[in-house]
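Protein chains in written order, with UniProt numbering: chain A, 1 to 107; chain B, 1 to 259.
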Amino acid sequence: MTARALISVPKTAMRGEIVEIRAMTAHPMETGYRTGLNGTNIPRNIIRRFACTYDGEEVFSADLFPAISANPFIAFTLIATTSGTIEFVWTDDDGKTQTASADITVT
Amino acid sequence: MRILCGVAAIFVVLTCHIAAADGIEDEDRRSGFDFMAPETRALQSDDTSNPGMLWVLQGEQLWQQAEGQAEIACSGCHGDASRTMHGVAARYPAYDEATGRPIDLAGRINSCRATRQRAEPLAPESDALLALTTYVAHQSRGMRVMPAADPRLAPFRENGRRLFQSRIGQLDLSCASCHDDNWGKRLGGAPIPQAHPNGYPLYRLEWQAVGSLQRRLRNCMIGVRAEPFAFGAPELVDLELYLTERGSGLPIETPAVRP
C-alpha cells in the first residue's frame, strides 16, 4: 500500500493559542483475529504507536490496539508556543513507519 | 356496496403502486447523504476528516506516475486532472466505440492502461484502481449527474432498468422493491436510501475502505441471496448506466462517506 497521510495543522497561530491538530493515515489495522479464505489466520498488522513532535519535542503520543478502526483518525489540541515544524510518526507491527509534517508560524 | 368500495380501494392502491414502481419523482430525489446521521455527514463534509480523501491523495500520486511499456503517466496525455477531468464523472458511464457498449470510469481507466500505457489492467477493487477512479470522479465534485445523451446507450439503459426491476434471489426482491417502493422506511433499523450513484467510489464505514458502485451492487445481490454478477460484467455496467439516469441532477459527492 502506498504511504498516505492526511494532516491538518493551522498555518498560523497566536502565541498561547490552543490549536486543533488532526491526523489520519491509511492503514488496514488488521486485528489478527480474522481468518482468510483458506481458513488460515490473517497475521496481525496494526499501528502500535502514534507520536507527534513539536519543534523536536514530543508533545502527544498514543498506543493503538486491535479494536481501533482502519485508517485511524486522531485529533488533539496543542498550545502554540513557538514557530516550528510539527511532525507525525505512525509505527506499525511490521516496524514500518509513515511520517508527515507541517509548519506552523506563531506570532 | 361496501365490497365494491373495497375493490375500488384495492384497485387504487394497485395502480399507485405500479406508478411508484417506475423510479422516483424529480422533486423527491434525495442523495443518500440526507439519510445519514449528523455525525456521518460531518465526517464526509470536512476533507480533513473524510477518510475517502486518502484515496484521492493516492490517486493524485498515481496520476503522475509513468506506467507500462509506453512509460507514460495519465498526466502525460491528460495533463492537469482538475481541468481535463472536470465533469467527466458526471456523464459516465459513456459509450465506448471500441466495444460498442457502455463503459464505466474504472473500465475506461483500465482500457486506457491497456491501449495507451500498454500496462497490465488493474484488478477490480484494487487500491490503485479505486484510488485513480476516486481521484478522477473527485474532480467533478459538486457538479450535477448528467447522464450521457448518446442514443446508442438507450438499449443498455433499458436493460439496466429491467435488471433494476427484476426480482432475483431466494428472497425474491428487486432493487426497486426497496429503493423505489420503500425508500425512507427502515430495514433492520437502517434507513432505506434511494440508491443513487452520486457519491461513488465512496468510503463505507462497514467496509473500512473505499469501494466501487459495482461492489455495492454485488453486496445488495448477496443480501437478497442471489448469485452476484462478476466485477466488470456487462449487466453491472448497464445497471450503473440506468442508475445515473435515475439519479440525474444530484450533486456528485465523491468521495462520499456512507455507514
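Ideal Cβ positions, reconstructed from N, Cα and C, are used throughout, including at glycine.
Next on the checklist: If you reduce the DSSP assignment to three classes, tell me which class residue 247(B) lands in.
Outcome noted: coil
Next on the checklist: Suppose contacts are defined by Cβ-Cβ distances below 8 Å. Is residue 79(A) in contact with residue 9(A) by that definition?
Outcome noted: no
Checklist entry - So what does DSSP say about residue 47(B), is it helix, strand or coil? => result coil
Checklist entry - Under 8 Å, do residue 98(B) and residue 136(B) count as touching if we go by C-beta distance? => result no
Next on the checklist: Residues of the region 51-70 of chain B in Cβ contact with chain A at a cutoff of 7 Å, in chain order, please.
Outcome noted: 51, 53, 54, 57, 58 and 61
Checklist entry - Could you give the uninterrupted runs of the alpha helix (DSSP H) lying entirely in the UniProt domain "Cytochrome c" (58-145) of chain B, keeping only those of 4 residues or more? => result 74-78, 81-84, 105-112 and 127-138
Checklist entry - Can the beta-carbon of residue 240(B) be found less than 8 Å from the beta-carbon of residue 197(B)? => result yes
Item to check | Separation of residue 38(B) from residue 159(B), as counted between CA atoms | outcome: Approximately 37 Å between the Cα atoms of the pair.
Checklist entry - Going by beta carbon distance, what residues of the same chain come within less than 6 Å of residue 243(B), once the five residues before and after it are set aside? => result 197
Checklist entry - Which runs of the beta strand (DSSP E) fall wholly inside the region 172-213 of chain B and span at least 3 residues, in chain order? => result 202-204 and 209-211
Checklist entry - Of the residues 258(B), 257(B), 218(B) and 193(B), which one's Cα is nearest the Cα of residue 28(B)? => result Closest by alpha carbon: 193(B).
Item to check | CB contact check: residue 4(A) to chain B, cutoff 8 Å | outcome: yes
Checklist entry - Candidates 175(B), 153(B) and 138(B): which alpha carbon is nearest residue 221(B)'s? => result Selected option, being the one with the closest Cα: 175(B).
Checklist entry - What are the start and end residues of the alpha helix (DSSP H) that includes residue 161(B)? => result Its alpha helix (DSSP H) spans residues 154-165.
Checklist entry - Of all the options 179(B), 155(B), 254(B) and 227(B), which has the alpha carbon lying nearest to the alpha carbon of residue 164(B)? => result Selection 179(B), 155(B), 254(B) and 227(B) evaluated against residue 164(B) yields 179(B) as nearest (Cα-Cα).
Next on the checklist: Against residue 134(B), what residues of chain A qualify as contacts under a CB-to-CB distance less than 9 Å, listed in chain order?
Outcome noted: Ordered by position in chain A, no residue passes the 9 Å Cβ test against residue 134(B), which lies about 12 Å from the chain.
Item to check | Residues that residue 252(B) bridges to, as DSSP identifies them | outcome: Note: residue 252(B) sits in no beta bridge, so no partner.
Checklist entry - Which of the three DSSP states, helix, strand or coil, is assigned to residue 100(A)? => result DSSP places residue 100(A) in strand when its eight states are reduced to three.
Next on the checklist: Between residue 41(A) and chain B, is the shortest Cβ-Cβ distance under 8 Å, so that the two count as touching?
Outcome noted: no
Item to check | Closest by C-alpha distance to residue 259(B), when choosing among 216(B), 224(B), 226(B) and 247(B) | outcome: Nearest to residue 259(B) by alpha-carbon distance, out of 216(B), 224(B), 226(B) and 247(B), is 216(B).
Checklist entry - Just checking, does the region 44-56 of chain B make contact with the region 109-123 of chain B on the three C-beta pairs under 8 Å criterion? => result At 8 Å Cβ cutoff, the stretches do not touch.
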